[in-house]
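What follows is a short report on a single structure.
Protein chains: 2
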Amino acid sequence: MTKQLNAMAAEVPRDAPWTAARAGEYDGQTFETWKRANVQSEGGRFLLDLGVEAVFAAEPRDLSLLHLLFYVNSAGNESTPGTFDRLIATAGGAQESRFTGGSQLIARGLARRLGKRVITGAPVRRIEQKRGRVSAVCDKLTVSARQAIVAVPPAVTPFIRFDPLLPGPRAQLLQRFPMGSVIKCMAVYPKPFWREAGLTGQATSDTGPVKISFDNTPPDGGPGVLLGFIEGQEARIWTAKPAAERRAAVIESFVRYFGAQAADPTAYYEKSWAEEQWTRGCYGGYLAPGVLLDYGPEIRRPHGRVHWAGTETATIWNGYMEGALRSGERAAAEALGVL
Amino acid sequence: MTKQLNAMAAEVPRDAPWTAARAGEYDGQTFETWKRANVQSEGGRFLLDLGVEAVFAAEPRDLSLLHLLFYVNSAGNESTPGTFDRLIATAGGAQESRFTGGSQLIARGLARRLGKRVITGAPVRRIEQKRGRVSAVCDKLTVSARQAIVAVPPAVTPFIRFDPLLPGPRAQLLQRFPMGSVIKCMAVYPKPFWREAGLTGQATSDTGPVKISFDNTPPDGGPGVLLGFIEGQEARIWTAKPAAERRAAVIESFVRYFGAQAADPTAYYEKSWAEEQWTRGCYGGYLAPGVLLDYGPEIRRPHGRVHWAGTETATIWNGYMEGALRSGERAAAEALGVL
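Respectively, the protein sequence lines represent chains A and B. Per numbering that gives the first Met the number 0, residue 0 is the first one in the first sequence, and the count goes up by one each step. Per numbering that gives the first Met the number 0, residue 0 is the first one in the second sequence, and the count goes up by one each step.
Shown next as structure tokens:
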């Protein structure tokens, strides 16, 4: 069934999904509707559900079929077509690599090179455009320039006041770009005990809260770390529960997959991204039916001197770090072009 | 076909649509999907499209079938079941009455009775809860109380900063409650000339931008006023166009319906609600597939001392003034109950 999806995705233009020949049909339905019509086996449906939850941190019913097809096509590059498998695969896919030391090292390394030009702890409250300048107004600081790039998620942009106001179509796009729902959970053990039993630490299950796990042990082999994802509907349910209850349920999932030794971690860490002030969800923004058709052309349309970056504006690897990087280059070129 | 919809709607509990026996099936699909599967004639599909555009200022593909069914059931009261016809009908339906002098008279009359307690022109920027009090912080004013009621549309709530932060599920609900898209247009003539030709001033058309019109002439018979609605996709397209171009297209619609005399109005007024700072759309918020299932219980859940009103929280006549009124009474009772 992913073959059929890949073939459909290949016909959805990455830079303008709303111009696809069957855009009206695809954006009129949820991915759930397509799944029910085209996948008959319970096992096949379950695997698609799990794949969508892992990729979007949302449910098949939340997504426009057109958005999903765009996203699949976007998981390629100038020379390689995107495929559903490239999204979900470890070997050769988006889930293959981790950063030794954590992915924040990239941001920190870049910040070090930029020095004092990087200001943290100063959220922008307002963006004003007047007299040929654009100003980002923080609580104790105002930065003025000829062009500005906003790179927060669409769902976070409404926290900023714009003067002049955002035009109606952009304001309405921002009402229609929700973030996924995920809680990332890690249990730490003295050593990766599951390896002795010949287990990889990777599990997929139809029973939550953790339906997907990975071995997140550091490359030097210790301590042992099991990583579990609570995604989509499960995350929406579990984020509101008491921390102790959630921890117990996560550990119970690990015991189910890797045995009684998982019952007593030396440490436990978790992050519910919906609770995070400056993203209010993860991994990125996705689109329900109808949005690409009626608001798609707004996604990258500048607001005067304000340009839009962020992975949700990317045409290649939308939703990933690669897309964020590419969107930054595109927005920078756009701003430089009008300077 | 509306009989079938009404029967399905009757089984969707107004106060908890997500508990309906077939909630999963209904919230997994768009109304567009249901329409294509259940209505075969082009005429029937057109009428449903027009009805949805008129009621939600959105397209059938934008809406969860479950949300639409809830909305239909909500168009009743304690003794009367809701029906699709009650939503779209003039005689005996939601479109029957206008307020002589304009509906703002109600708000103004109530404000007069409340006197200085009503403060306008002071948008709330922050809502803080600490030491047993809740404070609404405006630019030049802070109001403190034991309980607070927020009655702005869900899509506008993110413009307010909350301390403590809104919990994840509510923050994510607010990302998923978009406003409809409508431009309301009025052309004024010396007299209601169409009446002389035996015309009501009401038109429905499959060609935009105005697909629905009404005679909005004041009760005393003059001047003549034609009211045209640009709704859903048409509104999303036309709100971004130059005013003169939009005016010409609206007048062209009126000429098409009522003859050459419509070509030269003495005045023309319009309001594109997506451009309006404190609603950013109209008539109200609607829900895409999946939202009621995973976020429905959040709609009326208080945030500490903050209670939620507004027509989007109503169980009866959700989306209408009646629903707004009822939601205010419910929220007030809720706040009084914990005082």
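From the three backbone atoms N, C-alpha and C, an ideal C-beta is built for every residue, glycine too.
Within the same chain, Cβ atoms closer than 6 angstroms to the Cβ of A:Asp205 are found at Phe45, the five residues on either side in sequence being excluded.
Taking 8 angstroms as the threshold, the shortest C-beta distance from B:Met178 to chain A falls below it.
Rounded to the nearest angstrom, the Cβ distance from A:Pro157 to A:Glu297 is 14 angstroms, too far for a contact under 8 angstroms. By the criterion of a C-beta distance shorter than 8 angstroms, B:Phe98 is surrounded in its chain by Leu104, Ile105, once the five residues flanking it on both sides are discounted.
For B:Ser73, the enclosing alpha helix (DSSP H) covers residues 64-73. If only complete runs of 4 or more residues are kept, the segment 115-182 of chain A shows the alpha helix (DSSP H) at 167-173, in order along the chain. Counting C-beta pairs closer than 8 angstroms gives fewer than three between the segment 267-277 of chain A and the segment 208-216 of chain A, which falls short of the contact rule.
The C-alpha of B:Met320 lies about 10 angstroms from the C-alpha of B:Gly283. Look at A:Gly167: its C-beta is under 8 angstroms from a C-beta on chain B. The CB of B:Glu58 comes closer than 7 angstroms to the CB of Gly289 in chain A, given here in chain order. In this structure, A:Val249 lies away from A:Val187, with their beta-carbon atoms at least 8 angstroms apart. Residue state for B:Trp316 is assigned as coil, using DSSP reduced to three classes. Within the same chain, and ignoring the five residues on either side of A:Ile126 in sequence, the residues whose Cβ sits closer than 8 angstroms to its Cβ are Val133, Ser134, Ala135, Val136, Ala147, Val149, Ile159, Arg160, Phe161, Asp162, Val305. Under the 8 angstroms criterion on CB atoms, B:Leu164 is classed as interfacial with respect to chain A. Taking a beta-carbon distance threshold of 8 angstroms, B:Pro157 counts as an interface residue toward chain A. Pairwise C-beta distances place the segment 54-66 of chain A in contact with the segment 218-235 of chain A, as three or more of them are shorter than 8 angstroms. Within chain B, not a single residue places a beta-carbon under 8 angstroms from that of A:Ser134; the smallest gap is close to 17 angstroms.
Going by DSSP, A:Glu24 is part of the alpha helix (DSSP H) stretching over 22-26.
Within the same chain, and ignoring the five residues on either side of A:Gly327 in sequence, the residues whose Cβ sits closer than 6 angstroms to its Cβ are Ala308.
In terms of Cβ geometry, A:Gly23 and A:Leu292 form a close pair [threshold 8 angstroms]. Annotation: the continuous beta strand (DSSP E) that includes B:Gly223 extends over 223-230. Excluding residues up to 5 positions away in sequence, Thr29, Phe30, Glu31, Lys34, Leu47, Asp48, Val51 lie with their Cβ nearer than 7 angstroms to the Cβ of A:Pro59 in the same chain. Cβ neighbours of A:Leu335 within its own chain (closer than 7 angstroms, five residues either side excluded): none. In the three-state reduction of the DSSP assignment, A:Gly284 falls in the strand class, which pools E and B.
By the CB criterion at 8 angstroms, A:Ala242 and B:Arg279 fall outside the cutoff. At least one C-beta of chain B is nearer than 8 angstroms to the C-beta of A:Asp26.
Between the C-alpha atoms of B:Pro153 and B:Ala20 there is a straight-line separation of about 27 angstroms. For A:Ala6, the enclosing alpha helix (DSSP H) starts and ends at 1-9. Every unbroken stretch of the alpha helix (DSSP H) spanning 4 or more residues and falling wholly within the segment 207-282 of chain B is given here in chain order: 232-237, 242-257.
Leaving aside the five residues that flank B:Phe176 on each side, the residues in its chain whose CB is nearer than 7 angstroms to its CB run, in chain order, Pro153, Ala154, Gly284, Leu286, Glu311. Between A:Gly318 and B:Gly220, the alpha-carbon positions lie close to 58 angstroms from each other. About 7 angstroms separates the CB atoms of A:Tyr294 and B:Arg235; that is less than 8 angstroms, so the two are in contact.
In the three-state reduction of the DSSP assignment, A:Val305 falls in the strand class. In this structure, A:Trp237 places its C-beta atom within 8 angstroms of the C-beta atom of A:Arg245.
Rounded to whole angstroms, the gap between the alpha carbons of A:Ile315 and A:Pro122 is 28 angstroms.
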